[in-house]
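These notes are about the structure you will find just below.
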Amino acid sequence: VTGRIAPALFDFIDEAQDDLRAVAALARPLQATSAIRQFYINFYAQFFENVLKADIDTLSQRDAARAGVLLKRKSGLSTEVRTLVHDVLEFAFRGCRSGGCGCPCGVAVWAP
Amino acid sequence: LIATGDARPSRFYKRLGTNDDTLSLMVQSPERFAEATELGTLFALHVRAEGRVLFDRGQWLARQLAATSDVVPNPGWTLEWAEREIQRYKDLARFNGIFLHALARLYSIARAVVIALTVEAGKPEFGKDQAFQAVSKRFPQVRAEVERVAALRPFHERADGGRDVRLPFDHHGATGAVQQAVIDIERLLQDDFL
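From first to last, the protein sequence lines stand for chains S and H.
Read in the working numbering, the first sequence has 63 at position 63, and its numbers run on one by one without any break.
Take the position in the second sequence, starting the count at 1, then add 1000; the result is the number in the working numbering.
Spelled out as structure tokens, the structure:
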């Protein structure tokens, strides 16, 4: 364990840039299986465990609901932390069921 | 359930009138779906082999599948994708000792690989367990590797929101399991046993 959030986690961002270049070349939208998504889910797993000390480790709607409860209970959280938790709620309730999360049917899994 | 369209998945859920977490819904743009069928991805093969059309306004889907029926499926893309993808899991420092999502992801990469292998071997299996079982049975020389990666399934289910899923071991600090999964998948990617 190297700290609250591992600096090496941000290597996913560099890899995402490669994904973005490839996507730009193909002129199609970035799929959820990209390095960005891997960064996102691992960032939040580390954030909830190491920063908020909360037993929340996925971006499922159930965990997002628990994050919402946490947000209400912990009044002393900074604006930045609250914004990050809100971001999880947004992701879980609006964008996570895109089918690109590793499902064997996902085009993101199969496509070149 | 696969839907083609440009709306967000949440809008489709709303239209379906369900908030069922167990429903796996994939939403694809028509362009993306057309591309998959034209390229001969395994996804397209799966849809063609086992999909059932529930609603097809204007017969667009039927026309698209018919127009691409002679495209030969290419599992090589999946294998190349998996080879690139597992590189991310060789650097364990990025996970900060929390390996739930790394193990889950490695499981799904392995699953894609074994499905591709069944296609390459001429007998496609798309079921979650069936593909692992088929490869394990057909290629005993990689049985141990297949069984080890298949055993990571609870991590995938847990990461997918299954809070009640019992994990075979604690993912915290499980560096050995991650490294082993990467080695096992690399062994499967060698496909010299086919």
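Just so it is clear, CB atoms sit at the ideal spot from N, CA and C, and this is done for glycine as well.
- Taking C-beta atoms under 8 Å as the contact rule, L1189(H) and F1155(H) fail to qualify, at a distance of about 20 Å.
- Closest by C-alpha distance to L1045(H), out of L1065(H), D1056(H), S1029(H), is L1065(H).
- For the segment 1107 to 1125 of chain H, the set of positions with a beta-carbon nearer than 7 Å to some beta-carbon of chain S reads S1108, R1111, A1112, I1115 in chain order.
- Fewer than three Cβ pairs drawn from the segment 1134 to 1142 of chain H and the segment 1157 to 1171 of chain H lie within less than 8 Å of each other, which leaves the two stretches out of contact.
- In this structure, V1114(H) and A1102(H) do not form a Cβ contact; the two beta carbons are roughly 19 Å apart against a cut-off of 8 Å.
- At least 8 Å separates the beta-carbon of P1073(H) from that of L1117(H).
- Ranked by Cα distance from D63(S), the options H86(S), E80(S), F12(S) are led by H86(S).
- DSSP places I1185(H) within a helical segment (H, G or I) once states are collapsed to three.
- Under a 10 Å Cβ-count criterion, D1056(H) is classified as exposed, with fewer than 16 other Cβ atoms of the shown protein chains found around its own Cβ.
- Considered as a whole, the segment 1086 to 1129 of chain H harbours 1100 to 1120 as its complete alpha helix (DSSP H) runs of no fewer than 4 residues, in chain order.
- Counting only residues of its own chain and dropping the five nearest sequence neighbours on each side, T1068(H) has a CB closer than 6 Å to the CB of T1037, E1038.
- A1174(H) carries a coil assignment under DSSP once its states are collapsed to helix, strand and coil.
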